[in-house]
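Numbering (the numbering used here), first residue to last: 525 to 799. We put the beta carbon where it would ideally sit given N, CA and C, even for glycine.
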Amino acid sequence: MDNQAIKSMNLYSQVERIYSDLRAMGIADDAPLDVETLTPFDQYHYFGTDAVDEAIAMTGITAGSTVLDVGSGLGGPARYLAKATGCKVTALELQEDLNEVAAKLTDRCGLSGNIDHVCADVLAWQAPAESHDQLMSYLALYHIDDPTTLFATCATALKPGGRIYIEDLYGLGEFTDEEQRHLRHMLYGQNMASRTQYILDLQNAGFTDIAFTDMTGPWTGFCRERLEAYRAGRERQEAVHGRQVVEALDEFYATVLGLFEGGNMGGVRVTATKA
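In structure tokens, the structure reads:
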């Protein structure tokens, strides 16, 4: 993967804007934090910590678990998971700036003993064999253009019987030229596999008990409400972040909603077991 090309996504630019949100709450850059304070700002996926609770329940994560988080972003899901269950997490993130901010936030939350932040490309990462009980990933795998290597690495990292929980984007229909441009630039979409192909890729990597649950409807509704709320709070957002950041995020939120509403991009929750 290309660490610079993915920055075409407005969501991944100005990642230190989370510090501005915290300063607006009166929290200094070096002050201790709790996970609950961060969750409004560090969950880049849909439905926030509710989606992490789903991963806990559906894969059986407990205090004794070691979990691999692929595409861990600012570390929000990893921190919530560690705080909620007491498990250990390997948080694997490609982008250096995201990984650096994530590690600092984790330290400020007192969770560095539970979470190991690793900056690496999952396609090149030498996964320790059979070292993790569960794997989770939120809206990250569609950035990766080599699903064969990706899922092989995931399988290597999991113990036999290990469970995966993935939230991802996939293809429902043939994208228009304009949609393809938006996918490449605004979403850095490198692999929009069909349902059939997605399941086949997992099967070829040795996964069984695959459940492919379409989430397009609820995610479209979430994205619509997110955009409306962001625009309703624009004055406050500009006061905290400045117009340039606000316009960039508005464009991103609107583009994602448009792609969902176009009917060719779908959302999916996948669970499976390593044989």
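For leucine 783 and glutamine 727, the gap between their C-alpha atoms comes out near 28 Å. In this structure, aspartate 545 sits away from phenylalanine 571, with a CB-CB distance that is not shorter than 7 Å. Straight-line spacing of the CA atoms in glycine 730 and serine 537 works out to 36 Å. When DSSP states are grouped into helix, strand and coil, serine 544 belongs to the helix group.
Aspartate 558 counts as exposed, since fewer than 16 other C-beta atoms from the protein chains shown sit within 10 angstroms of its C-beta. Along the segment 647 to 715, the beta strand (DSSP E) occurs as fully enclosed runs of 3 or more residues at 656 to 662, 682 to 695, listed in sequence order. In the three-state scheme derived from DSSP, where H, G and I count as helix and E and B as strand, methionine 582 is classed as helix.
Note that the segment 654 to 663 does not touch the segment 755 to 769; fewer than 3 beta-carbon pairs, one per stretch, sit closer than 8 Å. Excluding five sequence positions before and after alanine 735, the CB atoms of its chain that fall closer than 6 Å to its own CB belong to Thr795, given in chain order. DSSP, reduced to helix, strand and coil, places histidine 641 within a strand of the structure shown. In this structure, the beta-carbon distance from alanine 579 to aspartate 593 does not fall below 7 Å.
Taken atom to atom, the span from the alpha-carbon of alanine 552 to that of glutamate 540 is near 14 Å. Between the alpha carbons of tyrosine 694 and glutamine 721 lies a gap of roughly 10 Å. Residue burial annotation: threonine 573 is buried, with at least 16 other C-beta atoms found within 10 angstroms of its C-beta.
Cβ-Cβ separation between serine 718 and isoleucine 690: approximately 16 Å, too far for a contact (criterion under 8 Å). Between aspartate 701 and leucine 665, the C-beta spacing is not below 7 Å.
As the crow flies, the alpha-carbon of cysteine 633 is around 28 Å from that of phenylalanine 746. Here alanine 606 is buried, its C-beta having at least 16 other C-beta atoms within 10 Å. With a cutoff of 7 Å on beta-carbon distance, arginine 793 and threonine 737 are scored as near each other. Membership of alanine 615 in any alpha helix (DSSP H) is not indicated; the residue belongs instead to the beta strand (DSSP E) covering 612 to 617.
With a contact defined as Cβ atoms closer than 8 Å, histidine 667 and isoleucine 530 qualify at about 6 Å. With a 10 Å radius around the Cβ and a threshold of 16 neighbouring Cβ atoms, proline 684 comes out exposed. Threonine 609 sits close to isoleucine 585, with the two beta carbons spaced by under 7 Å. Boundaries around valine 591 are those of the beta strand (DSSP E), 590 to 594, since no alpha helix (DSSP H) includes it. Annotation: aspartate 738 is outside any alpha helix (DSSP H); the continuous beta strand (DSSP E) that includes it extends over 731 to 738. Counting only residues of its own chain and dropping the five nearest sequence neighbours on each side, phenylalanine 699 has a CB closer than 7 Å to the CB of Leu707, Asn788.
Membership of valine 539 in any beta strand (DSSP E) is not indicated, and neither H nor E is assigned to it by DSSP.
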